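Here the sequence shown stands for residues 3 to 125, where the numbers follow this note's numbering. Worksheet: one structure, shown below.
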Amino acid sequence: MKAYKDRFPTIVVGGKAGDFLGEYMAGGVIVVLNRNDEEKPVGNFTATGIHGGSIFVRGKVAEELLGIGAETNVPSEEDKKLLRELISEYASHFQIDLDYDKSEFIKIHSRSHRPYGRLYVLE
């Protein structure tokens, strides 16, 4: 996924996601709603090589599931506003009622904009 100018792709997953979610993500937003309250809502190597965009997961994500270059954080107020909008749109499409506390989400994002920048530098 990659954002372009003022446009950014968005994916909302109702259930859980498997391995390599958001691999080399370069922009946009992924939301994993984890509607079945799975203990492990994402698989191994989540956000490996991420260098832009954000992944929001409802539930806990163990650090060992994250790929190189990814870290977790608490969603900001701006993030929570975006989550409200995306969850509302998702619920509207499927004609269901979802009322998730936005504090149940964690944010996965890049540690830097160039996670492999030093890999190709000759010293």
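Yeah, the Cβ is synthetic: ideal placement off N, Cα and C, and Gly gets one too. Everything numeric in this text was worked out from a predicted model, so none of it was measured.
Contact under 8 Å by Cβ, residue i with residue j
i	j	result
Met3	Gly30	yes
Ser112	Ala72	yes
Gly51	Tyr26	yes
Val15	Leu88	no
Straight-line gap, residue i to residue j (C-alpha atoms, nearest Å)
i	j	result
Ala28	Val34	18 Å
Arg37	Phe96	13 Å
Lys18	Thr12	16 Å
Ala49	Ile57	8 Å
Ile32	Gly54	12 Å
Asp132	Ser90	This structure cannot settle anything about residue 132, because the visible part of the chain is limited to 3 through 125.
Tyr2	Gly24	As displayed, the chain neither begins before 3 nor continues past 125, which places residue 2 out of reach and without an answer.
Sheet register partners of residue i (DSSP bridge)
i	result
Lys4	Ala28
Arg9	Tyr6
Ser112	Ala72
Item to check | Complete runs of the beta strand (DSSP E) confined to the stretch 21-104 [at least 3 residues] | outcome: Entirely contained in the stretch 21-104, the beta strand (DSSP E) runs reaching 3 residues are, in chain order, 28-34, 54-60 and 72-75.
Checklist entry - Is it a yes or a no for the stretch 43-50 touching the stretch 64-84, going by three-plus beta-carbon pairs under 8 Å? => result Segments in contact, yes.
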